[in-house]
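Student: This is the structure, below, for whatever I ask next.
Number of protein chains: 2
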Amino acid sequence: MARTQGSHAETTGPRVRAAALKLFARHGYAAVSMRQIAAEVGVQAGALYLYTPDKQTLLFELMRGHMEDLLADWTPVGGSPVAELETFARHHIRYHLDRPDLVFIAYMELRNLDPENFSVIEELRRAYENRLEGILRAGVERGHFAVPDTKLATLAIIAMLTGVTTWYREGGRLSREKVGDIYWDMVRKAVRAGHA
Amino acid sequence: MARTQGSHAETTGPRVRAAALKLFARHGYAAVSMRQIAAEVGVQAGALYLYTPDKQTLLFELMRGHMEDLLADWTPVGGSPVAELETFARHHIRYHLDRPDLVFIAYMELRNLDPENFSVIEELRRAYENRLEGILRAGVERGHFAVPDTKLATLAIIAMLTGVTTWYREGGRLSREKVGDIYWDMVRKAVRAGHA
DNA sequence: GGTTGAATTGAACGGGTGTTCAGATAATCT
DNA sequence: AGATTATCTGAACACCCGTTCAATTCAACC
């Protein structure tokens, strides 16, 4: 018996992606089977192939969408480097706290991407890093920041900020606002000039 | 035909662990089969069970050994918090650069641990974090550090320092010494007091 | 040189994998 | 009401999984 209650194409597609996202984040891409995803959606495994050509593409599209949204979430406007760095840090934290599963996947499942898919994601990731490095470089030129190496500082700051997703839980001791304040305080001090 | 060239028990054990480590780090625990590990060692899959009760224990023992070595690598001596923080940061970086595969596994494969194994590893990880937090708290009490939240600063610093393994490559632009200097500079400034 | 025993093979076990596809079903259109 | 078509099922395909174990091989000992 097929399709027991009406046409579902428009809702099933997103539900497949949502189920894959949830299960990939919880158990890892390799550990999740198409049959498990189908069960989560409430459908047989064969039906998934109406919505994705294969399992690999399901993972890739989740990661690509995430990276593109991340890049679209905010673009530098070229103002004061200090203000731009603050905006970057707060956006980064807020965006990552809003999408814990996608963030988790984007960092953990890189090695499960086919080589072509991997380079697409890597390029998007580099574009994001370059944005932060641009801010740091501008700040160093104008004397607002003092970092020994802008590339390294870029990676250190992103690692620090992204780390928030490993411990933050909704309704915990600290509000998002407060978390943003605390991290921004550390970032600002870490790159600050003139206080050696 | 078995054992084509002599008794191998003493060398095969470590070789099994080394092969598992390498393959788990490259492709992930769930994506690596016992037959692949056996092939890397140059043995049939059944022979692996002379050296591990099962695949899960192989992963767990790698992670447990790593965490115990990390804790044994250095213990705080109770001196100046600034000096202790520097020692901690430099040890952390050096240790992590020395064992990229183990570090990778310890962070990526937590969710593939059985619940009992998971809590063992989690406890070791918490013990490590508590060491750093102890340093920060001592520094805050004596007025050397100013951090809004020592627990959060602990996690932020560890995330930042551990991030070094994602980009550092042997023989690259920066020496280990220089990397340690740069990260220490950022950590020191991030927690510094009296320069708001 | 025959015996012992550790080290290993290779086949087997039950079950799970991603993917395909003919056929069934039900909502929509004429 | 009947035809059409998008949606989904369920079985099948070839293959891989972790693990067990009787049989085999060979170094060491008597």
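The listed protein sequences correspond, in order, to chains G and D. The numbering of the first sequence is my numbering, which starts it at 1462 and goes up by one. The numbering of the second sequence is my numbering, which starts it at 1462 and goes up by one. All C-beta atoms, glycine included, are put in the ideal place defined by N, C-alpha and C. Owing to the predicted nature of the structure, the values given are computational and were not obtained by experimental measurement.
If I measure Cβ to Cβ from G:Met1647 and keep anything under 6 Å in the same chain, skipping five residues before and after, which residues do I get?
Tutor: none
Student: Taking the C-alpha atoms as reference points, what is the distance between D:Trp1645 and D:Arg1551?
Tutor: So the alpha carbons of these two residues sit roughly 7 Å apart.
Student: Assuming contact is defined by CB atoms lying nearer than 9 Å, are G:Ala1492 and D:Asn1573 in contact in what I supplied?
Tutor: yes
Student: So what's G:Arg1560 in DSSP terms, helix, strand or just coil?
Tutor: coil
Student: If you compare alpha carbons, which of D:Tyr1556, D:Leu1558, D:Thr1518, D:Val1543 is closest to D:Leu1571?
Tutor: D:Thr1518
Student: Decide if the segment 1620-1639 of chain G is in contact with the segment 1607-1621 of chain D; the criterion is three or more beta carbon pairs, one per stretch, under 8 Å apart.
Tutor: With a cut-off of 8 Å, the segment 1607-1621 of chain D and the segment 1620-1639 of chain G count as touching, because enough Cβ pairs lie within range.
Student: Taking the CB atoms as reference points, tell me whether G:Gly1474 and G:Tyr1510 lie closer together than 9 Å.
Tutor: Their beta carbons are not under 9 Å apart, which means G:Gly1474 does not touch G:Tyr1510 by this criterion.
Student: Run through DSSP, which three-state label would G:Arg1634 get?
Tutor: coil
Student: Classify G:Arg1653 as helix, strand or coil using the three-state DSSP reduction.
Tutor: strand
Student: Just grab the DSSP bridge partners of D:Phe1606 for me.
Tutor: D:Arg1653
Student: Starting from the Cα of D:Gly1526, find the closest Cα among D:Arg1586, D:Trp1628, D:Val1640, D:Ala1651 and give me that residue.
Tutor: D:Arg1586
Student: Between which two residues does the alpha helix (DSSP H) containing G:Trp1535 stretch?
Tutor: Segment: none, G:Trp1535 is in no alpha helix (DSSP H) and carries neither H nor E.
Student: Going by DSSP, what residue range makes up the alpha helix (DSSP H) through D:Glu1570?
Tutor: Premise fails: D:Glu1570 is in no alpha helix (DSSP H) and is neither H nor E.
Student: D:Gly1624 touches chain G at which residues, Cβ-Cβ below 7 Å?
Tutor: Leu1616, Ala1617, Ala1620
Student: Using alpha carbons as the reference points, say which of D:Tyr1490, D:Pro1537, D:Glu1501, D:Gly1489 lies closest to D:Ala1479.
Tutor: D:Glu1501
Student: Got a sec, what are the start and stop residues for the alpha helix (DSSP H) G:Leu1509 sits in?
Tutor: G:Leu1509 -> no alpha helix (DSSP H), and no H or E assigned at all.
Student: Which chain D residues are close to G:Asn1591, counting only those with a beta carbon under 7 Å from its beta carbon?
Tutor: By Cβ distance, chain D contributes nothing, its closest Cβ being about 14 Å from G:Asn1591, past 7 Å.
Student: Closer than 8 Å between beta carbons: that is the criterion. Which residues of the segment 1564-1579 of chain D meet it against chain G?
Tutor: Met1569, Arg1572, Asn1573
Student: Note down, in chain order, every chain D residue with its Cβ under 9 Å from the Cβ of G:Leu1613.
Tutor: Ordered by position in chain D, the residues that pass the 9 Å Cβ test against G:Leu1613 are Val1625, Trp1628, Leu1635, Val1640, Ile1643, Tyr1644, Met1647.
Student: Taking Cβ positions only, does G:Arg1551 come closer than 9 Å to chain D?
Tutor: No, because no Cβ of chain D sits closer than 9 Å to the Cβ of G:Arg1551.
Student: Counting contacts by CB-CB distance shorter than 9 Å, is D:Lys1483 in contact with chain G?
Tutor: no
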